[in-house]
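By the count of full-length UniProt numbering, the sequence shown reaches residue 329 at its end, each step adding exactly one.
These notes concern the structure reproduced below.
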Amino acid sequence: MKFIFNPDIRDPKLNLAVEEYILKHLNVEHEDYFLFYINGPSIIIGKNQNTSEEVNLKYIEENGIDVVRRLSGGGAVYHDEGNLNFSFITKDDGNSFNNYKKFTQPIVDALKQLGVEAELTGRNDIQVGERKISGNAQFTTRGRMFSHGTLMFNSNIEEVVNSLNVSEEKMRSKGIKSVRSRVANITEFLEEEMAMERFVEALLHSIYDGQEPERYVLRDEDWEIVQDISKERYANWDWNFGKSPKFDVESKRRFPIGTIDVRLNVNKGTITEAKIYGDFFGVGDIHDVEQVLVGTRFERGAIREQLSQLDVKHYFGNVELEELVDLIS
Numbered sequence: 001m002k003f004i005f006n007p008d009i010r011d012p013k014l015n016l017a018v019e020e021y022i023l024k025h026l027n028v029e030h031e032d033y034f035l036f037y038i039n040g041p042s043i044i045i046g047k048n049q050n051t052s053e054e055v056n057l058k059y060i061e062e063n064g065i066d067v068v069r070r071l072s073g074g075g076a077v078y079h080d081e082g083n084l085n086f087s088f089i090t091k092d093d094g095n096s097f098n099n100y101k102k103f104t105q106p107i108v109d110a111l112k113q114l115g116v117e118a119e120l121t122g123r124n125d126i127q128v129g130e131r132k133i134s135g136n137a138q139f140t141t142r143g144r145m146f147s148h149g150t151l152m153f154n155s156n157i158e159e160v161v162n163s164l165n166v167s168e169e170k171m172r173s174k175g176i177k178s179v180r181s182r183v184a185n186i187t188e189f190l191e192e193e194m195a196m197e198r199f200v201e202a203l204l205h206s207i208y209d210g211q212e213p214e215r216y217v218l219r220d221e222d223w224e225i226v227q228d229i230s231k232e233r234y235a236n237w238d239w240n241f242g243k244s245p246k247f248d249v250e251s252k253r254r255f256p257i258g259t260i261d262v263r264l265n266v267n268k269g270t271i272t273e274a275k276i277y278g279d280f281f282g283v284g285d286i287h288d289v290e291q292v293l294v295g296t297r298f299e300r301g302a303i304r305e306q307l308s309q310l311d312v313k314h315y316f317g318n319v320e321l322e323e324l325v326d327l328i329s
């Protein structure tokens, strides 16, 4: 498993472009890759989220905080120089997507060697006791996938609180009163103080069993493609924010797999526009579901008939067709 780390790059638009480049352009058929990256102050939005409702727009504009949408699903997270991000980039063997334990266990084991009693909990979190130190998400395409996550080493938790709009429904579902009481930095649980550089070394020592990792250093020709990806996707306003018109019908519900938020414009009883947001984890492109709904009568039977053409679990995770029909109609 080759290791990639560009510690001097703190631009989230570039770091996410590097991850996408590895996924789509390097040979993952015969080689796995392990990536570390550190971003400057930024909000990283899940692929299916409504950016304007997830972030405190006034605060991030006043404080120069970047907002960048990632390829994977899940919820919005705050990054800064005290947050270490990791990504396992591999061939999708058909059994690894949604298997978070496979990819988080090496991280959990490394943390335990540092005296941090971490464990994978819920859908995709690493916690110490009741407090979250890491969130994880996955993405798959054309037989390749990555599983990536955050490690809140010494992040500014006040900025997490200030920058994000976390729904009360989500907090209630976790039985907690505030983001501040929910999240924690890894430094709070370490047996001895250490800098980020030492933390990185300790993780690598554990993950690579004490061996020096084989590194892949991006070449000039690699960087040319990375820059193109960054410009075309991650620096693109339409990708990061998108246009969100007003809708006639809004239906939102939190399921065990996450929140699904459906917005519809209806004209003369027919759905003319559909948009689906949420922090769910699915394989398929949610645009497929939106397109199926457009042109459908806004009536339960017609909506069920259209959605039955699709495998809804492919797009949302473990949600039944009837649950989705109930939400929409």
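Even glycine gets a Cβ: it sits at the ideal position worked out from N, Cα and C.
LEU57 in three-state terms, based on DSSP: Taken through DSSP and simplified to helix, strand or coil, LEU57 comes out as helix.
8 Å Cβ cutoff met for PRO41 and GLU159: Taking the C-beta atoms as reference points, GLU159 is found nearer than 8 Å to PRO41.
Beta-carbon proximity list for PHE153, same chain, < 8 Å, skipping 5 on both sides: GLY82, ASN83, LEU84, ASN185, ILE186, THR187, MET196, PHE199
Euclidean distance between Cα positions of ASN265 and LEU307: Near 17 Å, if we compare the C-alpha coordinates of LEU307 and ASN265.
As assigned by DSSP and simplified to three states, the class of LEU327: helix
Close-in-space but distant-in-sequence residues of the same chain around ARG69 (CB under 6 Å, 5 per side omitted): ILE45, TRP239, ASN240
Proximity to ALA110 [Cα-Cα], best of HIS79, ARG233, ILE126: ILE126
Segment contact flag, the region 255 to 273 with the region 303 to 320, C-beta cutoff 8 Å, min 3 pairs: yes
Cross-strand partners of TYR33 (DSSP beta bridge): LYS2, ILE89
Which listed residue (ARG144, ALA118, GLY129) has its alpha carbon closest to that of GLY94: Comparing alpha carbon positions, the residue from ARG144, ALA118, GLY129 closest to GLY94 is ARG144.
Residue range of the unbroken alpha helix (DSSP H) whose run includes ILE286: Looking at the DSSP string, ILE286 is not in any alpha helix (DSSP H), and its letter there is neither H nor E.
As assigned by DSSP and simplified to three states, the class of GLY301: helix
Which residues DSSP lists as bridging VAL67, in chain order: ILE43
Own chain, CB closer than 6 Å to ARG263, minus 5 neighbours either side, in chain order: PHE247, GLU250, LYS275
Identity of the residues DSSP links to LYS112 by a beta bridge: Its beta-bridge partners do not exist; DSSP assigns none.
Alpha carbon of PHE281 to alpha carbon of ASN15, nearest angstrom: 22 Å
Other residues of its chain near ASP66: CB distance less than 6 Å, five sequence neighbours each side excluded: PRO12, SER42
Contact check, PHE36 vs MET1, beta carbons under 8 Å: With respect to the 8 Å criterion, PHE36 and MET1 are not classified as neighbours on the basis of their beta carbons.
Residue from ALA76, ILE38, GLU61 with nearest C-alpha to ASN165: ALA76
Cα-Cα separation between LYS58 and ASN27, rounded to whole angstroms: 42 Å
Distance between beta carbons of THR140 and VAL283, contact taken as under 8 Å: Going by Cβ atoms, the distance from VAL283 to THR140 rounds to 6 Å, so yes, they are a contact pair.
Length at least 4, wholly inside the region 158 to 240: the alpha helix (DSSP H) runs in chain order: The region 158 to 240 contains these whole alpha helix (DSSP H) runs: 168 to 173, 179 to 182, 196 to 207, 220 to 229, 237 to 240.
Selected residue, minimal CA-CA separation from LEU23, among GLY278, ILE4, GLU299: ILE4
Cutoff 7 Å; reference LYS112; Cβ partners in own chain excluding five residues on either side: ALA118
Close beta carbons around ASN124, own chain, < 7 Å, minus the five adjacent residues each side: Hits under 7 Å: GLY74, TYR100, GLY135, ASN136, ALA137.
Residue burial classification, GLU130 (beta-carbon count within 10 angstroms, cutoff 16): exposed
Where the alpha helix (DSSP H) through ILE271 begins and ends: Here ILE271 belongs to no alpha helix (DSSP H); instead the beta strand (DSSP E) covers 270 to 278.
Nearest candidate by alpha-carbon position, reference LEU71, set GLU29, TYR78, PHE146: Among GLU29, TYR78, PHE146, the Cα nearest to that of LEU71 belongs to PHE146.
DSSP bridge partner residues for ASN48 (one or two, in chain order): Note: ASN48 sits in no beta bridge, so no partner.
Coil, strand or helix - GLY143 by DSSP: coil
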